[in-house]
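Structure first, then comments.
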Amino acid sequence: MSIFENLYTSRKSQLDEWVAALDSHIACVQDKGRSQSQPTLLLADGFDVENYAPAMWQFPDGHSAPISNFASQQNWLRTLCAMSVVTGNERYQQHAIAQSEYFLDHFVDDNSGLFFWGGHRFINLDTLAGEGPESKAQVHELKHHLPYYALLHRVNAEKTLNFFQGFWNAHVEDWDSLDLGRHGDYSKKRDPNVFLHARHDVVDPAQWPVLPLTKGLTFVNAGTDLIYAAFKYAEYTGDSHAAAWGKHLYRQYVLARNPETGMPVYQFSSPQQRQPVPEDDNQTQSWFGDRAQRQFGPEFGEIAREANVLFRDMRPLLIDNPLAMLDILRTQPDAEMLDWVISGLKNYYQYAYDVASNTLRPMWNNGQDMTGYRFKRDGYYGKAGTELKPFALEGDYLLPLVRAYRLSGDEDLYALVNTMLTRLNKEDIQHIASPVLLLTVIELAEHKQSESWAHYAAQLAGVLFEQHFHRGLFVRSAQHRYVRLDDTYPLALLTFVAACRNKLNDIPPYLTQGGYVHGDFHVNGENRIVYDVELIYPELLTA
């Protein structure tokens, strides 16, 4: 019996209200999210909550395009399928299937097998033409997207499997050195034997801190999607070579970890210097060499490498990658990989977590605390004078720890989670409530059969509903201009309802915050390189 079943009885009217709100959200998105000039099954990534105008990409040449990026709508698909599970009504899932069928029928590159989607490419909702920021040349990119492959494979197995082959073929630029490109070339013909390449380690821990020099950037956020895709290919085909390649790629990130601390790395190679270093420190392209060494090397020596930086965005390392690996291990168990995931998390928090302040220290992965350090010069990581400060421990960081604990039974992980949650529980729930914190508490309550955590999950769900349901839509707040299809409020709330109806294991699990578009954008009279999730969707309504 689920610990949440009693909540279903006591809160039935409230749960019914939330399901009705979710239905309202879905109906509005399906009605207002389509092109008003050429309606198809495609949807805008987001739209204005007042006039329903789609989110637009403003190009430097003056033209604009309504954004429909299927890679930025995967949480929307998960939400539709979860809604069918919760309600027993198949029409929601049928909408997800129909939308996916339409996309796979019309927007797949036959040569490469790649889909027309991702960080630098989208479909114009009105014209159905391919669009993308000119500076990024409409290349293929997935970074922590982790698409809903289970649905895509169900809808069109052949094209989904071809995509996995094309994805690896387009993004591995040199199989011998394992030189990865975060940008994939649509002109590279799909190789059906892509997973038959020979494997050998390219990282030698004995050479640490020296790492392989590569032209491409082996960022963990790009590598994670490749690893995830390889294992999904193996899951759907039984191809052991694909699984071996997925594990092999993950192993390179593990081999590159600091041998003394075991703390994780952001990449397993250093950018190869291919051009003379300019005098201008603001020219930070990778062909000038390792950006961390260039900016911090004079003060910190050999540790100053991009791989070892643990004082920038930590989500890819501590949230996105572990969640993807743990999702793989949920269906394809591997004790060694599970140990890699757990050791990376435990080693990081051993050094970086400040229990007293419930924050994360900015660090090099040798354990050196960088709190209070001011940059001496401009560079890739920020302007001269930038001061490094501890990161707030958001609830999102706990979900990988809980899932790792559930898979392993590692009591050290539970002790860490319990400490963090106890500290968070003392803060104002109105300020800390988030979709991922709700998911964390749901999964912990269910695993521990804890009535107190189940009631805390109910409180979080109530706060999220009050904060984010406005105008018949789930939005970031009542003041925000745009609804974004990939935002996770609906999926998180549905997960709580599913738990109360004893259907938690039947819905698609949360994996990612969703997709993005990145590139040159014309705003306020100037051209800037931006992310849509940082520029468009934070916009507030005018008074």
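Those letters in the sequence shown? Residues 606 to 1148, by our numbering.
By construction, the Cβ of each residue, glycine as well, lies at the ideal position given by its N, Cα and C atoms.
The three-state secondary structure of Val960, taken from DSSP, is coil. For the beta strand (DSSP E) assignment, the segment 833-878 encloses no uninterrupted run of at least 3 residues. Nearest to Glu655 by alpha-carbon distance, out of Tyr1094, Asp809, Lys837, Gln1084, is Gln1084. Just measuring C-alpha positions, the residue of Ser782, Pro864, Ala1104, Arg1011 sitting nearest Ala811 is Pro864.
In the three-state DSSP reduction, Tyr753 falls in the coil class, being neither helix nor strand. Taking the Cβ atoms as the reference, Tyr978 lies roughly 12 Å from Gln900, outside the contact range of under 8 Å. Only exposed fits Lys617, as fewer than 16 other CB atoms lie within 10 angstroms of its CB. Taking C-beta atoms as the reference points, Val825 and Leu922 count as a pair closer than 8 Å. Assignment of Thr889 by DSSP, reduced to helix, strand and coil, places it in the coil class. Secondary structure note for Met661: its beta strand (DSSP E) is the uninterrupted segment 661-663.
Leu818 places its beta carbon 8 Å or farther from that of His846. As DSSP reads the structure, Gly735 sits in a beta bridge with Ile728. Annotated three-state conformation of Ala909 is coil, per DSSP. Glu1051 sits close to Ile608, with the two beta carbons spaced by under 8 Å. In the three-state scheme derived from DSSP, where H, G and I count as helix and E and B as strand, Ala1059 is classed as helix.
It is roughly 43 Å from the alpha-carbon of Cys1105 to the alpha-carbon of Thr732. If only uninterrupted beta strand (DSSP E) runs of at least 3 residues are considered, those enclosed by the segment 1048-1115 are 1087-1089. At the C-beta level, Gly867 and Ser962 stay beyond 8 Å of one another. A buried status is given to Gln872, since no fewer than 16 other beta-carbon atoms sit within 10 Å of its beta-carbon. Going by beta carbons, Leu785 and Thr823 fall inside the 8 Å limit. Excluding five sequence positions before and after Ala701, the CB atoms of its chain that fall closer than 7 Å to its own CB belong to Leu682, Leu685, Cys686, Leu756, given in chain order.
DSSP places Arg1133 in no alpha helix (DSSP H) but in the uninterrupted beta strand (DSSP E) bounded by 1131-1136.
Per DSSP, the unbroken alpha helix (DSSP H) holding Glu763 starts and ends at 762-776. Taking C-beta separations shorter than 7 Å and ignoring five residues to either side along the sequence, the partners of Gln743 in its chain run His725, Arg726, Gly735, Gly737, following chain order. One Cα belongs to Ile1112, the other to Val691, and the distance between them is close to 8 Å. A straight line joining the alpha-carbon of Gln619 with that of Val799 spans about 51 Å. For Phe675, the closest C-alpha among the options Lys637, Asn729, Met688, His776 is that of Asn729. Note on geometry: alpha-carbon atoms of Phe708 and Leu647 lie some 7 Å from one another. In this structure, the straight-line span from the alpha carbon of Pro927 to that of Asp636 is close to 36 Å. Counting of Cβ neighbours within 10 angstroms places Val713 among the buried residues, the total reaching 16 or more. Residue pairing from DSSP places Met968 in a beta bridge opposite Leu915, Asp974. Separation of Tyr753 and Gly906 (C-alpha to C-alpha, rounded to the nearest whole angstrom) is 43 Å.
Of the residues Ala649, Leu860, Gln699, Ala1059, the one whose Cα lies closest to the Cα of Val760 is Gln699.
Burial check for Asp1092: the Cβ neighbour count within 10 Å reaches 16 or more, so the residue is buried. Note on geometry: alpha-carbon atoms of Glu739 and Gly723 lie some 14 Å from one another.
Per DSSP, reduced to three states, the secondary structure at Pro671 is strand.
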